[in-house]
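Visitor:
Chains as they are written, first to last, in this note's numbering: chain A, 24 to 516; chain B, 24 to 516.
1) How big is the Cα-Cα spacing for residue 322 of chain A and residue 227 of chain A?
2) With a cut-off of 8 Å on the beta carbons, I'd call residue 511 of chain A and residue 253 of chain A a contact; round off their distance for me.
3) Is residue 317 of chain B close to chain A? Criterion is C-beta to C-beta, closer than 9 Å.
4) Quick one: list the residues of chain A neighbouring residue 101 of chain B, beta-carbon separation under 7 Å, in chain order.
5) Taking the alpha carbon of residue 165 of chain B as the reference point, which residue from B:139, B:86, B:290, B:279 has its own alpha carbon closest?
6) Using the beta-carbon of each residue, which ones in chain A are nearer than 8 Å to residue 465 of chain B?
7) If I'm right that residue 224 of chain B touches residue 236 of chain B with Cβ under 8 Å, what's the distance once you round it to whole angstroms?
8) Is there contact between the segment 152–161 of chain A and the segment 278–288 of chain A, where contact requires at least three CB pairs shorter than 8 Å?
9) Can you tell me where the beta strand (DSSP E) with residue 248 of chain A in it begins and where it stops?
10) Against chain A, which members of the segment 87–119 of chain B pass a CB distance test of less than 7 Å?
11) Threshold first: 3 residues or longer. Then list the beta strand (DSSP E) segments lying entirely within the segment 55–105 of chain B, N to C.
12) Looking at the C-beta of residue 68 of chain A, does it have a partner C-beta in chain B at a distance below 9 Å?
13) Which value, in whole angstroms, describes the spacing of the CA atoms of residue 234 of chain B and residue 243 of chain B?
14) With 9 Å set as the bound, which would you pick, yes or no: does the beta-carbon of residue 440 of chain B sit closer than that to a beta-carbon of chain A?
15) Under 7 Å Cβ-Cβ, which residues of chain B neighbour residue 64 of chain A?
16) Does the beta carbon of residue 299 of chain B sit closer than 9 Å to a beta carbon anywhere in chain A?
17) So residue 389 of chain B is in the beta strand (DSSP E); what residue range does that whole segment cover?
18) Would you kindly report the start and end of the unbroken beta strand (DSSP E) that includes residue 188 of chain A?
19) Output needed in chain order: residues of the segment 181–192 of chain B with a Cβ under 9 Å from some Cβ in chain A.
20) Under DSSP, the alpha helix (DSSP H) around residue 41 of chain B begins and ends at which residues?
21) Are the C-beta of residue 122 of chain A and some C-beta of chain B separated by less than 9 Å?
22) Reducing DSSP to helix, strand and coil, say where residue 497 of chain A ends up.
23) Please identify the residue among B:132, B:477, B:489, B:199 whose C-alpha is closest to the C-alpha of residue 83 of chain B.
24) Only counting the same chain, and skipping five residues up and downstream in sequence, which positions put a Cβ closer than 7 Å to that of residue 339 of chain A?
25) Below 9 Å on C-beta distance, what does residue 57 of chain A contact in chain B?
26) Could you tell me whether any Cβ in chain A is nearer than 9 Å to the Cβ of residue 216 of chain B?
27) Check each candidate in A:182, A:327, A:363, A:98 and name the one with the smallest Cα separation from residue 60 of chain A.
28) Using a beta-carbon distance below 9 Å, is residue 196 of chain A in contact with chain B?
29) How big is the Cα-Cα spacing for residue 494 of chain A and residue 362 of chain B?
30) Can you tell me the Cα-Cα spacing of residue 421 of chain A and residue 385 of chain A, whole angstroms?
31) Please classify residue 27 of chain B: does DSSP put it in a helix, a strand, or coil?
32) List the residues that DSSP assigns as beta-bridge partners of residue 243 of chain B.
33) Just to confirm the assignment: which complete beta strand (DSSP E) runs, minimum length 3, are found wholly within the segment 265–350 of chain A?
34) Which one of A:436, A:397, A:380 has the shortest CA to CA distance from residue 346 of chain A?
35) Please list the partners that residue 81 of chain A has in chain B, where partner means a Cβ-to-Cβ separation under 7 Å.
36) By the three-class DSSP mapping on this structure, what secondary structure does residue 35 of chain B have?
Below is the structure:
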């Protein structure tokens, strides 16, 4: 444990190293021996589980149902949708054999050349192809629509540069795949799911997001439109945190999925897909945490309250426990998760540092003097403010404090984000400013040329055409050509 | 939909075909284009989700935490534990390349020979190796023990003959992996988890199980002892439904996982692993269902109550809805899932057949005459008994009926199981009787020779040394040698 409490790299010193340190020291994840794949440790996984539970509820409220489709996709499926294969076939894990045999010469095992697959199988990088191949048999008439399935699963994309949670070769995610009778209904679904993601990010993760639509270059391979939520990290970089795609009839045509409409005429089905991943854990860490460790929004914290009794000897511990037990019981009855840490092999100061590092929102401490005075010490993790307060009414106070922390860290992130969004009409100025991070609202002429020039000059990309800002016509800051709207430009993860 | 309501194959006619039919017709799962892999459809997945939720709760109550380990395992890891590689390296999916490229000649994509992995990766058939390789860094002192992680994930074993849920190349499961300071503690953990599985099977799935320990031949590859729960299907065959393994120090030694004990001396860690899979869905179907379709225990049924109003015209529907809505609300408040099926594109008879097929435990129907008489028709799926009862107190009646159905189908399965367990001391008699299914309690001399002869002669195997029967010494029915106890022998899935 001691090693974890060593000081973190400071954000101001090296933001990237701070993040990597924190992921390890707070016991969230670690590198595995498999290139680009991480082990998600119990504390990190508990955060993901809380995200899953809430998202799953929200998906089901929209009428989506969970299902499960195969991990492996026949190679030929990827080629069916022309743009999709461009986007996903390149870097993927390929299964070519189905058996190992003893290696007589060197010991161990080796691939059995006799067990070569006729057609190679790809570990899913995303499941549109296998799912639309399946939907063909599920959809016959307009009565079978809409069809809305979601799956929680692992996917794999062979990434060259990986970072825990933000970009890993294998990651966990959910992918929703819906089929509709009309174009309008599919567009509405894609937008509705974007809103679900935005609501979840803001109300549960306390991460403010900009909703918008991607430029053509940044679209999902095979989509007609990709909607996105973009969050700002503390270094001013953007993190794409969830996407929802309007797929038109592309996959329906590639996999020949038609339905008989009310006039009994065949039509191709309209599609969407939408997903968020364990990347959200990275977003959560990078948005709120500080030089002391994690800061977690109470609604998503695996442990919301920790109580540390400060005692000498069993008798004093017994007295503190007797006093505190009813509070613990009451909090749990309110659905608040509480840990009573009466272990005697760590000093209180050590425990405090540990729970700070782990981002437990509220910490209580109570010692002999508190017992005499009917007081208790309460600390909120977000501001690190400590207060000695009356023991009476402590449950109500904790409950309110948790709400307050949730609201406060959202406000803090929102203020930071808003202070770092700049309108910019001058390219030289932009090039200078973008180095320090932040989101830039700039007029864009809509061409790929301009987009690529910006990326080449500054590494910044068009994150989206944002919905939240009033759009005015103007002049592209790079080309000087007319521009219909401002887009959001930033460097990103 | 119409196709699904076609008559099922009768169990008596062809039990195996009945099962395959039912899986498809009840919308549980279907074959995928990937050999041996199934698509789990929403209704089938909803059953699995209910199993997961309950098991997850039970695991956490024992102190286990969820985590996630990589899908891919370096080939060399499998060779570290000698018996483990024997058992699992043979039939597995091997990733050899990490990129595809455009196939210039034939179109489509092909494996890029330049992207060959230095060391092949195996899709996990089970995760002992990668997890114990990770535990090495997590375990240093006795204070780090016990360590109890569980993961819910997909695994892959290249099976030649597959059947939906019962045996598929890819399947979903959970695998618990625990590390302990002493042999005794590890054995206790393995036994405790077997009890968790048995309790879950009996109290939630209403499947009676025989708990016991496997013979050496049938042990998990790498285990010192494998505990099992064995259920009897309606054809008298056994289905191994969950296993818990005492792994001794085998994996600790293979992956060099030691801890400093209280005397500050290094010792190898003691291990267990335990798992159940989507196979339980197959067990559920095969144990309770009948020639009309699924029969589901209320505690695990995705939909517990369906209400079908029988109406002509909107006015009558409105009157029925007004009468029924308070009942629906009240049931939902009790946590009972209810569907009110007022769709007008299907006849009531069609709906009845559909919900029977899907195994909804309780069906209510109400028409104009019922409205006049303040009555309602109630049907229980397990016995197909219909009754016209007073509308007053209907909520309480439904609640009790659900409990009654849960108890009744367990009792029915238990009576069937008990009626088909036979003590047998004569090998000729055994060979004759075992053809018709059933569990046989026979004395066994403990040798692999006898075990193999029985298998060769009859296809039946030793399922376990059962805990539930008083053990008496005797004479092996095959070899005539002394036997310490009776074992459970059966043909199995």
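The beta-carbon is built from N, C-alpha and C at its ideal position, and this holds for glycine as well.
Guide: A quick look at the data gives this:
1) 6 Å
2) By a beta-carbon distance limit of 8 Å, residue 511 of chain A contacts residue 253 of chain A. Their separation comes to about 7 Å.
3) no
4) Neighbourhood of residue 101 of chain B in chain A, by CB distance below 7 Å: 132, in chain order.
5) B:290
6) Per Cβ cutoff of 8 Å: no residues; residue 465 of chain B is ~36 Å from chain A at best.
7) Actually they do not touch by this definition, with Cβ atoms about 17 Å apart.
8) yes
9) 248–255
10) Residues of the segment 87–119 of chain B with a C-beta atom less than 7 Å from some C-beta of chain A are 88, 89, 90, 91, 92, 93, 94, 95, 97, 98, 99, 101, 102, 108, 112, 113, 114, 115, 116, 117, 118, 119, listed in chain order.
11) 61–63, 95–97
12) yes
13) Taking the straight line from one Cα to the other gives about 16 Å.
14) Chain A, which has no Cβ nearer than 9 Å to the Cβ of residue 440 of chain B, makes this no.
15) 90
16) no
17) 385–389
18) Element bounds for residue 188 of chain A: n/a, residue is neither H nor E.
19) 181, 192
20) 38–48
21) For residue 122 of chain A, the closest Cβ of chain B is nearer than 9 Å.
22) strand
23) Nearest to residue 83 of chain B by alpha-carbon distance, out of B:132, B:477, B:489, B:199, is B:199.
24) 391
25) 93, 94, 95, 96, 97, 144, 153
26) Not an interface residue.
27) A:182
28) No, its Cβ sits nowhere closer than 9 Å to a Cβ of chain B.
29) 46 Å
30) 8 Å
31) A caution first: residue 27 of chain B carries a pLDDT of 46, below 50, which makes its placement in the model unreliable, though a value can still be read off. Here residue 27 of chain B sits in helix by DSSP.
32) Paired residue(s): none; residue 243 of chain B is not in a bridge.
33) 281–283, 289–291, 293–300, 328–332, all fully within the segment 265–350 of chain A.
34) A:397
35) The premise fails here: residue 81 of chain A is roughly 16 Å from chain B at the closest Cβ pair, so nothing lies under 7 Å.
36) coil
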